[in-house]
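**Student:** Using my numbering, the first residue of the sequence shown is number 67, and each one after it goes up by one. A virtual CB, placed ideally from N, CA and C, is assigned to each residue, including glycine. Below is a structure I'd like to ask you about.
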Amino acid sequence: LAIASSTYCLRSHLVHGLEEQEAQLDEIESTLRGHIRLIEDPLDQIERKRHMNKREELYGKRKRDEKNGSREAYEVIVRIQEI
67 LAIASSTYCL
77 RSHLVHGLEE
87 QEAQLDEIES
97 TLRGHIRLIE
107 DPLDQIERKR
117 HMNKREELYG
127 KRKRDEKNGS
137 REAYEVIVRI
147 QEI
């Protein structure tokens, strides 16, 4: 009887410890996800800004080419559409 009761006590203590650990890991996971989101948002803004600058550069080149009557304008339009 003593072995059965001590086994039950140890098991319940172990289960409680595992539940506590799982709760802590969930909290850590949500904290990490929040920090990752804080890092990814500015990175996305930087990438969008760089992408917009590249588009503006290609549009500017296209306008210059159209003024000069160059056939390179078609290639620039194709590159813009690929972006």
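Rounded to the nearest angstrom, what separates G126 and M118 at their Cα positions?
**Tutor:** Residue numbering aside, residue 126 sits at position 60 when the sequence shown is read from its first letter. Residue numbering aside, residue 118 sits at position 52 when the sequence shown is read from its first letter. One C-alpha to the other measures close to 12 angstroms.
**Student:** Mapping the DSSP letters down to three states, classify L67 as helix, strand or coil.
**Tutor:** If you number the sequence shown from 1, residue 67 lands on position 1. L67 falls in the coil class under three-state DSSP.
**Student:** Using the Cα positions of H82 and I105, report the straight-line distance between them to the nearest angstrom.
**Tutor:** Your numbering for residue 82 matches position 16 in the sequence shown. Your numbering for residue 105 matches position 39 in the sequence shown. Rounded to the nearest angstrom, the two C-alpha atoms are 35 angstroms apart.
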